[in-house]
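**Student:** Below you will find the structure I want to go over with you.
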Amino acid sequence: MTSRLTARELTLAYEDRTVVHELDLAIPDGRVTVIVGPNACGKSTTLRALGRLLKPAGGSVLLDGEELAKLPTKRIARSVGLLPQTPVAPEAITVADLVSRGRQPHQAWWKQWSEEDERAVTDAMERTDVAALADRPVDALSGGQRQRVWIAMALAQETELLLLDEPTTYLDISHQVEVLDLVRRLNRLRGRTVVLVLHDLNQAARYADHLVAMKAGRVVAEGPPEKIVTEELVRDVFGLRSVVVPDPVTGSPLVVPGAPWHAGRETEEEAAEAGASAV
Ligand SMILES: Nc1ncnc2c1ncn2[C@@H]1O[C@H](COP(=O)(O)OP(=O)(O)O)[C@@H](O)[C@H]1O
Ligand SMILES: [Mg+2]
Numbered sequence: 002m003t004s005r006l007t008a009r010e011l012t013l014a015y016e017d018r019t020v021v022h023e024l025d026l027a028i029p030d031g032r033v034t035v036i037v038g039p040n041a042c043g044k045s046t047t048l049r050a051l052g053r054l055l056k057p058a059g060g061s062v063l064l065d066g067e068e069l070a071k072l073p074t075k076r077i078a079r080s081v082g083l084l085p086q087t088p089v090a091p092e093a094i095t096v097a098d099l100v101s102r103g104r105q106p107h108q109a110w111w112k113q114w115s116e117e118d119e120r121a122v123t124d125a126m127e128r129t130d131v132a133a134l135a136d137r138p139v140d141a142l143s144g145g146q147r148q149r150v151w152i153a154m155a156l157a158q159e160t161e162l163l164l165l166d167e168p169t170t171y172l173d174i175s176h177q178v179e180v181l182d183l184v185r186r187l188n189r190l191r192g193r194t195v196v197l198v199l200h201d202l203n204q205a206a207r208y209a210d211h212l213v214a215m216k217a218g219r220v221v222a223e224g225p226p227e228k229i230v231t232e233e234l235v236r237d238v239f240g241l242r243s244v245v246v247p248d249p250v251t252g253s254p255l256v257v258p259g260a261p262w263h264a265g266r267e268t269e270e271e272a273a274e275a276g277a278s279a280v
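Counting with this note's numbering, you get residues 2 to 280 for the letters of the sequence shown.
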């Protein structure tokens, strides 16, 4: 496995509070990697560091073997596109203008807006189904429409590596599937390397080639979903009793939730029941 983007003993902190601890991670090239884990375990923090939105407190992130912190911003932005969990749009900007900003890393004072830029923007808006909204102000859109516009901006950047933090938030179920299918097509047809943070474990298991499970700022398990998604992992990482069955559509592991699980807090009756439901 080759990996252009890697984290080495990466420690991330806000002020003096460390939230990610000496994380080692290699993002497999040409694959879809999905990061899962409970709220506040450090998924977004990790993703932001991979996109150089956050400076390491220790260790490093390497792009093609070079420390991200030492590379020029534009050089990174031509290779790595990042959609944060809660991006903020400039006031009163239109959809077309926001998506066009995805082309900034490709601009220079000697290079005018080109046909190539125009094509990338049009293509990204069509793929995310926002072309009809082009002249609308971003502020005036619904949460789901706005989310698709942000995805369009990230796509317009046309980077080999794409990092998306919970891109399906605010989307109804059919648009969720549309976005995830789009991500997979970009990967399968255009060879893009994608890293997604998803909060839905079953979507994660469906779309990941490589699944990374985090808990309290550390990687607990990683690998192909069918190898690592087990009842034990779900209990350990999410504190949930569950039954794992094959997804009827894709065959990937499907987690059917049981009850919250707390070590040592089960009654005998509950324990017996949990044992029975795990069979
Ligand atoms: N800008 C910030 N300033 C201070 N603490 C933060 C900030 N962003 C996140 N945190 C804290 O860091 C921890 C990890 O957050 P985050 O990476 O957003 O988790 P996740 O994406 O897994 O839900 C949480 O305890 C969160 O409160
Ligand atoms: Mg998050």
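Cβ atoms here follow ideal geometry from the backbone N, Cα and C, with glycine treated the same way.
Quick caveat: nothing in here was measured; it's all calculated off a predicted structure.
Let's see if you can read the secondary structure: which residues bound the beta strand (DSSP E) around Leu6?
**Tutor:** In this chain, the beta strand (DSSP E) harbouring Leu6 covers Leu6 to Tyr15.
**Student:** Less than 7 Å between the CB of Tyr171 and some heavy atom of ligand 1, yes or no?
**Tutor:** For Tyr171, the distance from the CB to the nearest heavy atom of ligand 1 is not below 7 Å.
**Student:** From the DSSP secondary-structure annotation, give me the bridge partner or partners of Ile36.
**Tutor:** According to DSSP, which records beta bridges pairwise, Ile36 is partnered with Val198 and Val213.
**Student:** Does the stretch 203-213 come within contact of the stretch 25-44, defined as at least 3 CB pairs closer than 8 Å?
**Tutor:** yes
**Student:** In angstroms with no decimal places, state the Cα-to-Cα distance between Met154 and Leu99.
**Tutor:** 7 Å
**Student:** Tell me which residues share the same chain as Met126 and place their Cβ nearer than 7 Å to its Cβ, disregarding the 5 neighbours each side in the sequence.
**Tutor:** Val100, Ala132, Ala135 and Ala153
**Student:** Residues with a Cβ closer than 6 Å to any heavy atom of ligand 1, in chain order?
**Tutor:** Those satisfying the condition are, in chain order, Tyr15, Val20, Gly38, Asn40, Ala41, Cys42, Gly43, Lys44, Ser45 and Thr46.
**Student:** Tell me where the alpha helix (DSSP H) around Pro226 begins and ends.
**Tutor:** Pro226 to Ile229
**Student:** Does the separation of the CB atoms of Val139 and Asn203 fall below 8 Å?
**Tutor:** no
**Student:** So, under 8 Å CB-CB, Val244 and Leu24 are touching, yes? Tell me the CB distance rounded to an integer number of Å.
**Tutor:** About 30 Å separates the two Cβ atoms, so there is no contact after all.
**Student:** Can you give me the C-alpha to C-alpha distance between Ala14 and Asn40, rounded to a whole angstrom?
**Tutor:** 17 Å
**Student:** According to DSSP, is Ala260 helix, strand or coil?
**Tutor:** strand
**Student:** Please report the Cβ distance between Ala222 and Leu234, rounded to the nearest whole angstrom; I am assuming they are in contact, meaning their Cβ atoms lie under 8 Å.
**Tutor:** 6 Å
**Student:** Please indicate yes or no: does the CB of Val245 lie closer than 7 Å to some heavy atom of ligand 2?
**Tutor:** no
**Student:** Is any heavy atom in ligand 2 found nearer than 7 Å to the beta carbon of Gln108?
**Tutor:** no
**Student:** What is the rounded straight-line gap between the Cα of Glu16 and the Cα of Ala90?
**Tutor:** Looking at the two C-alpha atoms, the distance is approximately 26 Å.
**Student:** Any idea what DSSP makes of Gly59, helix, strand or coil?
**Tutor:** strand
**Student:** Could you have a look at Ile174 and say whether DSSP puts it in helix, strand or coil?
**Tutor:** helix
**Student:** Within 8 Å (strictly less), CB to CB, does Arg191 reach chain C?
**Tutor:** The question asks about chain C, but that chain is absent: this structure has only one protein chain.
**Student:** If we require 4 or more residues per run, which alpha helix (DSSP H) segments fall completely within the stretch 115-164?
**Tutor:** List check, alpha helix (DSSP H) in window: 116-128 and 144-157.
**Student:** If you measure between the beta carbons of Gly218 and Val21, is that distance less than 8 Å?
**Tutor:** yes
**Student:** So, at 7 Å on beta carbons, what are the nonlocal neighbours of Gly192 in its own chain, with the 5 sequence-adjacent residues on each side left out?
**Tutor:** Gly31
**Student:** Evaluate Pro249 with the Cβ neighbour count: other Cβ atoms within 10 Å of its Cβ, from every protein chain shown; 16 or more gives buried, anything less gives exposed.
**Tutor:** exposed
**Student:** CA-CA distance, Lys56 and Gln113?
**Tutor:** 32 Å
**Student:** Taking Val196 and Leu156 to be in contact with their CB atoms under 8 Å, please state how far apart those CB atoms are, rounded to whole angstroms.
**Tutor:** Incorrect: roughly 15 Å between the Cβ atoms, too far for contact.
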